[in-house]
Every structure is written in structure tokens, then in C-alpha cells.
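Reviewing the structure listed below.
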Amino acid sequence: MPNILVNRQTLAVSLLVISLAGPMTAGETAGKTLDPSYQIAVELGPYAQAADAADGAHAISWDGSDPARMNASTEAFAAQELRHYLSKLTKASEEDPQVFPVVAVKRSRSHKAIILANLSEKSHQPDVSRAAQREKLAQRLSARESFALVPDDDNLLIIGSDRVGVLYGVYSLLQMLGVRWYAPGNMGEVIHESASLQLPGQTIIQSPKFLTRGFLAWENRGNHDFYLWMARNRLNLWTIADTDRASEKQLGLQLNGGLHWIFERYLNPATYMQAHPEWYGLVNGKRQGFKADMGTNFCTSNPAAVHQFIQNLVADFSTGDWRDTDLLELWPLDGGTWCECDNCNRLGTPTDRLLTLVMQVRDALEDTRRKGLIHHPVEVVFPIYHETLSLPSNPQWMAADFKNLIGTFFPIGRCYIHYLDDPNCTEYNTDYWATFETWRKHPDKYPGQFEIGEYYSVSTTKSLPVLYTRIMAHDLPLFYANGVRHFHYMHVSTRLQGPKRLNNYLLAQLLWNPDADVEQLFSEYLNDFYGAGAGDARRFYDRLEFATSSIQQWKHYGGEHAGQLQSLVDQINRDADNLFDTEHLKLEEYHPAKNAGVSLGESVRALQECRAIMNRLRAKELPGEVKLRLAEDDRNLRYAENTVNLYYYLAQALMARKQQKLEQAKEFYRLTVPFAQGLREETGIVQTASSHANAKDGLDASLVEKTYEELGKQLGVASK
Ligand SMILES: [Zn+2]
Ligand SMILES: [Zn+2]
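Under the working numbering, the first residue of the sequence shown carries the number 1, and numbering increases by one thereafter.
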């Protein structure tokens, strides 16, 4: 069922339109025709002018204590965005104040206006109140960030359940009229030539299917173009670590904080351990501290330790630097050991201990909120990851206790050749899917919400142009059908995305609506982005996705349960006798009944085809903006070609040396040299993600630099 509801008499027509063209196109549903005399009316709260409200975000407290200013800021910004793009669509000049004038709601005239309204406000203009009653919006806009587009004589009302719903209503209208934001910045923007200027002819209601939609980040590393692109595509998760919090809040982003460093932030051994050694974990009879995200977790059965931890945390979330934080990521240390004291052992497994702490923290945050010291909801998120993959064994809570709690399942060692639930991926995925199903099928043990933390750019990927469109088209609806309502992946590249932009664009559309038609979105993207080159570009994307699908097998460890599977680079670096010891990854084509993957040789040849297509595309007469996009794509492709060819020939050089065929080893080694040199020259793409996922240059990012250099010395062949 698409997440677009319409009033009854028009249901059949709208469903038809949705199935043909995603959100909506003109045609049967078209209403009044827009012209630049339309006013844009917006509630300005305490502000006199829309510009004051839209531009004053940095002067507002965004902790929820001043909703009138927060609302006016986001809604006035939404009005500005609407004016900007309606002017573009109608080719009218934004310089002319008569073009789509933005006015305060109370000064708007009664006809030919687009009126923005927020249902969470106490009072509304009469048109809005009447429409809200007629369309039963109080019930139908119960989900946060939802909105209704309601035609009302010559007017259109954009009514959000909250300020972000208003903003999303504006962006969705613009999308219906023919505006696309495929990537951050001007290069990613497309306005359809055949754009319709007709407003919807009947009420349209939308609400998000996934509630948390975006990227897991914990460093100050974004940029304004990227945040704008996120908001325009209705993505809503970023990090409190970013310094431009006001802009992010204005754009409706939810900010998270915590992760593996949360224990250090609120119970740092450097501060407390000398006076209170008993607060810290007991291992082999000795109290142990931790540093940053590594070491022994604190003694979570010690009431005084827990009290101090919670006191510091609550102070930070009420009056401290993190008072704007929406999601607390309450994670233990990364692969940390757990306290061995009797009281901790009585608490149970690491999952039981973590959940006990999570519940205490969640309750303290709720108490503080009830006292009026925290002004917005805070959700507490815990990881289902490594030592907390097992179900809670003996939960002492009732289902009603699991409010504002989210468990994030992290399949870090999964395979991206196969879907997460593919029964043929027994080396990597089947254990993960079984673990997730265990949680999902035991609401008696855990009745809380689920999130998936994906690895579409796991640290070792180092921003290679890996495509996940086939995986996302299957897995995201699968996750939704299995009760998942929150989703992120970590280490997104915020610049120089090249073909990776398609992952992010499709992700945004599928998180809003997992029933979205991926083929239709893909076709539209190709036509919009590459024009006359769309046919070639389709083949390019298809081959690139195939060529890069063994990313996990090349660079990251696999599996969590059946013993860790080594990646190709690990095998290369430890000089293993068999570099290709999984069924998934062989040097050349191999088709086992289960665990069939994509060989290194197949990847090399698919990238050769990508290269031929890219060269053909770049020689074509195409518009300037298409050439710019192709240049970015080409640079990403070059990075992938150099990486994969380096692996292909280095692996064969190592195998020849192992067999004492030194001349052959030298020959293979010489073949690697130009690829390694190309990688040394790539210093941009490898700096676009988080510090964990970045590298000095492409050769550093290959993770085999040291082995490569040493082999050159041993064979007496120059490495550059
Ligand atoms: Zn303990
Ligand atoms: Zn697989």
C-alpha cells in the first residue's frame, strides 16, 4: 500500500497515478494552474518579516523551549524555498517582489495563495481550521513529519503535522511539479523541462514509513549543501558533533550523540577512578579503566557509578552542550570486556546488562522531561552488535516499558552480493538474518523498536564507488516488512560522490516509501542526469554495480558467528597460502551451488567495460552540466579501476612468488605499478567520509600498500 492517502472518491485515480510515476504527476489529479501572482502565506510567530524568521536560525534556542520561533524559522525557510523553486519553474524573476510574494498568514488575501500551516500550533487561520476538520487531519496527520496538500478553491494549503511536516510538504509539492535534487549542490539539481505548473486537484496526504532516515556520523564533517540535499529528500538523521546545529535543526535534522565514547564522556576513569576504583570493571581480580572507546566497560551493577553516569548525562541533555540532542546512542565500548564482579554476573549477559543501564538512563531522561528541564523527546538507542547480538535472557520489563527505545541491528560482516535474507549466502548472511529474526520473533523478550545500521560505506571501503541499488531495492522493503522503522548507514561521503549519489538518492526515496518504484526512479535519474547519454549510463551503472559487489570480500572481515572470514587484503597482508579461501571470492570465475560470488577477474573485466563506456560518454557532445557530472563519475571509476587491478595483479605476483616462479612474479608486479601510481594520485575522494573511513591517498586506502612496497623490494622491481 503506497503511503499516499487521498479522500475516497479519488482513491482509484490516485493509486493509478502513483503506480505509474512515483509521487504524483499532472494529468487526472491536476488542479489550478500556478502563476507568479500566487502569494505564499506563512505563520511568522514573533517575527515581523519572513526573512527575519528564515535567516535568524542561529539566534534561536533549538532545545524545544521556544517552539514558536523554531516553527516560524523552519516554516519561513520553507516559504523561501518554495518561492525560489516556483520562480525557477515559472521562469519568473526572483528579483521582482511581485513574484510569489511571501507574506505573513494574517496579511494574506483570501484567494490565490499557497498557505503553509502547522497543525501542532494552537490557532489557525479559518481556511486551515475548516480544511483540517473537513479532512480529519488531526487523525490522519498523527505521525511526525507528515503533511497534507489540500486544494481549497484557488488556494493550496500545505498543512504539516509539525514544522518539519510543513517543510516536507513544500519539498514534496516541488517534487510533484518536476524538481529533483539528486546530489548536493547545483550540479545535483534538475528541473524537468516539461514541468507541470498545476497544483494538485485533490487532497494528498503523506507520512514517512521509516521514522529515522539518514546517516550515522559523529564528527564535524558535513557541509551546508549536504544538509540541504538531505532535507530536500526528507532525510532526517545527522550528528550533534556538527557545529552548524542551528541550520541542521531548521532543516528538520534529528541530531544524535554518544556511541562508543559515551562512557568516557560521562564516567571518565581519568576523573573518577582514583577516588572510586570500584566503579570500574573487574577483570582477573583487578579493576580496569578504559580510554576513548577501548578497554573494560564500567561496573554497571554499581549503583553509585550508575548514579554519577546518569547525573552527568542528564545535566548535559538538559542544560549542557548536548541539550539539542534528539537520539542518545548508548553504546558500550567497541569490543570491550565486561566486568566479572558477582553483582554484574547476576545481571546476566552483556545484552542484559546493557539493557538494564539503557532502561535506567531512559527513565532518568523521561523524569527530567516531566520536570520541564528537557524540552523535547529523547530516544535511547542501543546496539545489537558483537557481544550484544544475543537476545535479553530474562527481561524484567513489560512491553509498556519499552517507550523511546530503539535497538540497532548492525550486520557488519555481511555480504553485498546477496540480499541479507538470501539462504544461499551461508558463508556471510544467513547467520545474521537468523539473529535478527530471533529478536523480531521474540516480543516477549524485546518488544521495542528496531533500527538497521547498514554498512553501505564500511570504513575499509574508503569511499570506493560501490553501488547498492539492487541490494537496497530488496532489503529496505524487507526490513520494513519485518518491523524496522529506523535506518542509517555510517561513513557517507558528503562530497565528490560520483555514482555513489545514486545510492543516497534511492535510499532517501525508499526510506520515505519502501514501495517506491526503483526502476522508475533509476530511469528518471539517468534521463535527467545524462540526457542523450542515458542509454550508455545505464549500462555503466549496471556493470559498475556488478564489478564492485564483492567489496566486503575484498576489504572487510565477514561473519560474526561461524568464525571470522578473512578479506582478500588480510590474506594478502599475512602472506596466506591461499588468498582466495572463501567460496564467494576466487581469482577467476567460479560458480558453486551456494555462496556464488563475483571473481576478481570478472570485476576487472566489468570495469574495463565501464572504462570503454565512460570514454565514449566523455567524447560525446553533451551539455556542460552533464560533462561536469561525468568528470566526477570518471574520477570515481578511475579510483575503482586502480584498486581492483592492483589487487588482481598483486595477488598473482604473490601466488607466483609462492611457487618460486620469480620471473613470472616480477612480470605481474610490473603490471601493478601504474595502478599503484594512479592510486597515489587520488587524494580527494579518500577524504570525503569520516576519519575512520578516510585515507592519505588511494594506495593507503587499498590497505595493501606495505605489502606492495615490500614485494617490490624483494623482487627488485621499482614500485613507482
Ligand atoms: Zn561489576
Ligand atoms: Zn554472499
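Note that the Cβ used here is the ideal one computed from N, Cα and C, for glycine as well.
Query raised in the report: Which residues in the same chain have their Cβ closer than 7 Å to the Cβ of I747, if we skip the five residues on either side of it in sequence?
Result: Residue 747 is absent from the model: the chain starts at 1 and stops at 720.
Requested in this report: Thinking Q250 and A57 are a contact (beta carbons under 8 Å), I'd like their distance in whole angstroms, please.
Outcome: On the sequence shown, position 250 is the one that residue 250 refers to. On the sequence shown, position 57 is the one that residue 57 refers to. About 4 Å; that satisfies the 8 Å criterion.
Query - Contact set for T33: own chain, Cβ-Cβ below 7 Å, skip 5 residues either direction - result: By one-based count along the sequence shown, residue 33 stands at place 33. Closer than 7 Å at Cβ, skipping near neighbours: L197 and Q198.
Query raised in the report: Where does H474 sit, in a helix, a strand or coil, going by DSSP?
Result: What you label residue 474 is simply residue 474 of the sequence shown in a count that begins at 1. Three-state DSSP puts H474 in a helix.
Query raised in the report: P423: buried (16+ other C-beta within 10 angstroms of its C-beta) or exposed?
Result: Indexing the sequence shown from 1 puts residue 423 at position 423. Exposed, since its Cβ has fewer than 16 Cβ neighbours within 10 Å.
Query raised in the report: What three-state label does DSSP hand T349 in the structure shown?
Result: By one-based count along the sequence shown, residue 349 stands at place 349. It is coil, neither helix nor strand.
Requested in this report: Decide if R323 is buried, meaning its Cβ has at least 16 other Cβ atoms within 10 Å, or exposed.
Outcome: The residue given as residue 323 occupies position 323 in the sequence shown. Classification for R323: buried.
Report task. Determine the burial state of L662: buried for a count of at least 16 other Cβ atoms within 10 Å of its Cβ, exposed for fewer. Result -> The residue given as residue 662 occupies position 662 in the sequence shown. It counts as exposed.
Query raised in the report: Going by DSSP, what residues sit across from G160 in a beta bridge?
Result: Taking the first residue of the sequence shown as position 1, residue 160 is located at position 160. Bridge partners of G160: N118 and F147.
Query raised in the report: Among residues of its own chain, excluding the 5 on either side of R109, which ones have a beta-carbon nearer than 8 Å to its beta-carbon?
Result: Residue 109 sits at position 109 when you count from the first residue of the sequence shown. So the qualifying residues of the chain are Q39.
Query raised in the report: Does DSSP classify G222 as helix, strand or coil?
Result: One-based indexing of the sequence shown puts residue 222 at position 222. DSSP, reduced to helix, strand and coil, places G222 outside both helices and strands of the structure shown, so it counts as coil.
Query raised in the report: By Cβ distance below 6 Å, which residues in the same chain neighbour E94 in space, the five residues on each side in sequence not counted?
Result: Counting from 1 along the sequence shown, the entry for residue 94 is found at position 94. Excluding positions up to five away in sequence, the list reads S87.
Query raised in the report: Going straight from the alpha carbon of M398 to that of E379, what length do you get?
Result: Here residue 398 refers to the residue found at position 398 of the sequence shown. Here residue 379 refers to the residue found at position 379 of the sequence shown. If I take the Cα positions, the gap works out to 18 Å.
Requested in this report: Report the option in Q664, N645 and A481 whose CA atom is closest to the CA atom of A676.
Outcome: The residue you call residue 676 lines up with position 676 of the sequence shown. Of Q664, N645 and A481, the residue nearest in Cα terms is N645.
Query raised in the report: Could you give the residue range of the beta strand (DSSP E) that holds M490?
Result: As a position in the sequence shown, residue 490 is number 490, starting the count at 1. Run containing M490: V484 to M490, per the beta strand (DSSP E) assignment.
Requested in this report: Return the chain-ordered list of same chain residues with a C-beta closer than 7 Å to the C-beta of G222, the five sequence neighbours on each side being excluded.
Outcome: Counting from one through the sequence shown, the residue named residue 222 turns up at place 222. So the qualifying residues of the chain are W238, D242 and T494.
**Report entry** One or two residues paired with M176 in a DSSP bridge
**Finding:** Here residue 176 refers to the residue found at position 176 when the sequence shown is read from its first residue. DSSP output for M176 lists no bridge partner at all.
**Report entry** 6 Å CB neighbourhood of Q553 in its chain, flanking five on each side removed
**Finding:** Against the sequence shown, residue 553 aligns to sequence position 553. Once the five neighbours on either side are set aside, the close Cβ partners of Q553 are H584 and L585.
Query raised in the report: Would the beta-carbon of G281 be found less than 7 Å away from any heavy atom of ligand 1?
Result: Translated into positions along the sequence shown, residue 281 becomes position 281. Yes, since a heavy atom of ligand 1 falls inside the 7 Å radius drawn around the Cβ of G281.
Query raised in the report: Which runs of the alpha helix (DSSP H), 4 residues or longer, sit entirely within the segment 238-297?
Result: With a minimum length of 4 residues, the continuous alpha helix (DSSP H) runs that stay inside the segment 238-297 are 245-250, 262-266 and 269-272.
**Report entry** Counted within 10 angstroms of its Cβ, other Cβ atoms place P499 as buried (16 or more) or exposed
**Finding:** Position 499 of the sequence shown holds residue 499. The residue is buried, with at least 16 neighbouring Cβ atoms inside 10 Å.
Query raised in the report: Of the choices M230, T426, L476 and I159, whose alpha-carbon is the least far from that of K727?
Result: Outside the modelled stretch of the chain, which goes from 1 to 720, sits residue 727, for which no answer is possible.
**Report entry** Alpha-carbon to alpha-carbon, F546 and A606
**Finding:** Translated into positions along the sequence shown, residue 606 becomes position 606. Translated into positions along the sequence shown, residue 546 becomes position 546. Roughly 7 Å between the two C-alpha positions.
Query raised in the report: What does a CB cutoff of less than 7 Å around T10 pick up in its chain, not counting 5 residues either side in sequence?
Result: What you label residue 10 is simply residue 10 of the sequence shown in a count that begins at 1. Its pLDDT being 35, under 50, T10 is placed unreliably by the model, and the measurement read from it follows with that caveat. Around T10: Q202.
Report task. Express the C-alpha separation of C415 and L617 in angstroms, rounding to a whole number. Result -> As a position in the sequence shown, residue 617 is number 617, starting the count at 1. As a position in the sequence shown, residue 415 is number 415, starting the count at 1. Approximately 32 Å, taken between the alpha carbons.
**Report entry** As assigned by DSSP and simplified to three states, the class of N694
**Finding:** Numbered from 1 along the sequence shown, position 694 holds the residue referred to as residue 694. Residue state, collapsed to three classes: coil.
Query raised in the report: For P208, is the classification buried or exposed, using 16 other Cβ atoms within 10 angstroms of its Cβ as the cut-off for buried?
Result: Reading the sequence shown from its first residue, position 208 is the one you call residue 208. By the 10 Å Cβ count, P208 comes out buried.
Requested in this report: Can you tell me which of the three DSSP states A217 falls into?
Outcome: The sequence position of residue 217 within the sequence shown is 217, counting from 1. The answer is coil: DSSP assigns A217 none of H, G, I, E or B.
Query raised in the report: Looking only at its own chain, which residues have a Cβ that is under 6 Å from the Cβ of R234, when we skip the five neighbours before and after it?
Result: Mapped onto the sequence shown, residue 234 falls at position 234. Counting only Cβ-Cβ distances below 6 Å, and skipping sequence neighbours, we find Y168 and W512.
Query raised in the report: From D421 to H474, what distance separates their C-alpha atoms?
Result: For the purposes of this step, residue 421 is taken as residue 421 along the sequence shown, with counting starting at 1. For the purposes of this step, residue 474 is taken as residue 474 along the sequence shown, with counting starting at 1. Between D421 and H474, the C-alpha separation is close to 10 Å.
Query raised in the report: Are the segment 452-468 and the segment 478-493 touching, with three or more C-beta to C-beta distances below 8 Å?
Result: yes
Query raised in the report: For the alpha helix (DSSP H) that V673 lies in, which residues bound it at each end?
Result: By 1-based counting over the sequence shown, the position of residue 673 is 673. Where V673 is concerned, the enclosing alpha helix (DSSP H) stretches over L662 to E681.
Query raised in the report: So what does DSSP say about L16, is it helix, strand or coil?
Result: Taking the first residue of the sequence shown as position 1, residue 16 is located at position 16. Low local confidence applies: a pLDDT of 34 at L16 is under 50, so the model's placement there is unreliable, with the coordinate-based value given in what follows. Per DSSP, reduced to three states, the secondary structure at L16 is helical.
Query raised in the report: Where does D700 sit, in a helix, a strand or coil, going by DSSP?
Result: As a position in the sequence shown, residue 700 is number 700, starting the count at 1. D700 falls in the helix class under three-state DSSP.
Query raised in the report: With respect to the alpha helix (DSSP H) encompassing I406, which residues constitute its N-terminal and C-terminal limits?
Result: As a first step, residue 406 must be located in the sequence shown, where it is residue number 406. First-last for I406: L405 to F409, but that is the beta strand (DSSP E), not the alpha helix (DSSP H).
Report task. Examine the Cβ distances between the segment 174-191 and the segment 116-128 and report whether three or more of them are shorter than 8 Å. Result -> no
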